[in-house]
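Protein chains: 2
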Amino acid sequence: MENTIGKILKEARELRRLSLREVEIQSGVSNAYLSQLENDKIKKPSANTLYKLSELFNINFDDLMVAAGIVEKKKDSSKTEGHFAFSSENLTGDEEKRLIEYLKFLRYQQKDDK
Amino acid sequence: MENTIGKILKEARELRRLSLREVEIQSGVSNAYLSQLENDKIKKPSANTLYKLSELFNINFDDLMVAAGIVEKKKDSSKTEGHFAFSSENLTGDEEKRLIEYLKFLRYQQKDDK
DNA sequence: TGCAATTGCTTGATAAAATAAGCGTTTGCT
DNA sequence: AGCAAACGCTTATTTTATCAAGCAATTGCA
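Protein sequences appear in the order of chains G and A.
The first sequence begins at 134 in this note's numbering and counts up by one.
The second sequence begins at 134 in this note's numbering and counts up by one.
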C-alpha cells in the first residue's frame, strides 16, 4: 500500500544486509533513531539526516522524500508506487546486467505458461 | 561569500516582494520561524519545511540544500543513463518481488567474497 | 550446552525545531 | 497629525528530533 519512509529505509538496509549498528557507524545516525525511523515513529526528520541515509544507500534524495510522502511528487510521471530498489542508481553495473538477464528469464517463462 | 540558507531564503522572498507573514500564509511556516531561518539561527530544519519553501519560491530543492551547506555537492550526474528496464512501471508486482529476492541473493553472495 | 556477542527495539533525558504572543518601528490612510 | 495596520524580529513555550543506556531475543562459537 502506502510507501512510508520507514519501509523504504528498512528495505534499503536489508537489501544490503546491514545491521542498524552498521548503518549507525557508516551514517552517523544512531541505531535507536534508525529503528524509530524504520518504524515510522518520526514525522519530520531533518534534511541532514535524511540526506545522510540517502547517500549511504545510494538512493535519490528527491525520490526518497516523494516516496516517503514528505512531499507530493513534482512532475507528472504518474506512478509513485514504484519500488526503490531498482531506481538504477541503486545498482552496480554488474547487478544491473544480472537483473536484466533474470528479468528476461522470468518473462520467457511466463510466456510458456500461457 | 558563504551562501547560507538564510541568505537564499531571504533573497528569494524579497525578490517576490513578499512579507514574512505572506510567506507564512502561503507556506504554512510561521513568520517567527521564517525570520529565524533567514537569520541563520536554525541549524537543521526539517525536510518538510525546507521543501515547502523551495516549492513556494520555486527553487530547486537539491540546490537549496547544497547552497545551504546541508549537503556536499553531489558528484557526477553521469549516472543518469538511467535504465528503463527497472523503472517500476515496467514491472509487474510479481516481477518486482522476484527481482528483489534475486538482488538480495546477489548481494548475499558478494558479501561472502570478502 | 552455555556463554558472549549481536540483533532490533524501547525508554528517559536533552537539545533543537517550530510556534504563539508580543515588542518597537515603519507605512498608509483620512 | 494621528490612528491602524503591517512590518521584521525577539522571547517564552510547546513540540519534536535525536541520542545514550539498557532491555529481551537471537545468533555464533567453544
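Here a beta-carbon is modelled for each residue, glycine too, at the ideal position from N, C-alpha and C.
This structure is a prediction, so every number in the text was calculated from the model and none was measured.
What first and last residue would you give for the alpha helix (DSSP H) that runs through residue i?
| i | result |
| --- | --- |
| A/Lys165 | Checking the displayed sequence, the identity of residue 165 of chain A turns out to be Ala instead of Lys. Its alpha helix (DSSP H) spans residues 164-171. |
| A/Ser187 | 180-189 |
State the DSSP-derived secondary structure class of residue i, mapped to helix, strand or coil.
| i | result |
| --- | --- |
| A/Ser160 | helix |
| G/Leu151 | coil |
| G/Val199 | helix |
| G/Ile138 | helix |
| A/Lys121 | The requested residue 121 of chain A does not occur in the structure, where chain A is confined to residues 134 to 247. |
For the ligand NAP, any of its heavy atoms closer than 7 Å to the Cβ of residue i?
| i | result |
| --- | --- |
| A/Glu188 | The ligand NAP is not part of the structure shown, which contains no ligands of any sort. |
Nearest-angstrom Cα distance between residue i and residue j?
| i | j | result |
| --- | --- | --- |
| A/Ile175 | A/Val204 | 15 Å |
| A/Leu170 | G/Met198 | 21 Å |
| A/Ile158 | A/Asn191 | 16 Å |
| A/Ser163 | A/Arg154 | 8 Å |
| G/Val156 | A/Asp195 | 23 Å |
| G/Ser168 | G/Arg150 | 15 Å |
| A/Thr182 | G/Ser152 | 30 Å |
| G/Gly202 | G/Tyr166 | 19 Å |
| G/Thr137 | A/Asn136 | 32 Å |
| G/Ile141 | A/Ala200 | 27 Å |
Contact defined as beta carbons within less than 8 Å: I believe residue i pairs with residue j. What is the distance between those atoms, to the nearest angstrom?
| i | j | result |
| --- | --- | --- |
| G/Gly139 | G/Asn193 | Not confirmed; about 18 Å, so no contact. |
| A/Lys177 | G/Ser179 | 4 Å |
Worksheet item: Does the count of Cβ pairs from the region 136-148 of chain G and the region 178-191 of chain G closer than 8 Å reach three?
Response: yes
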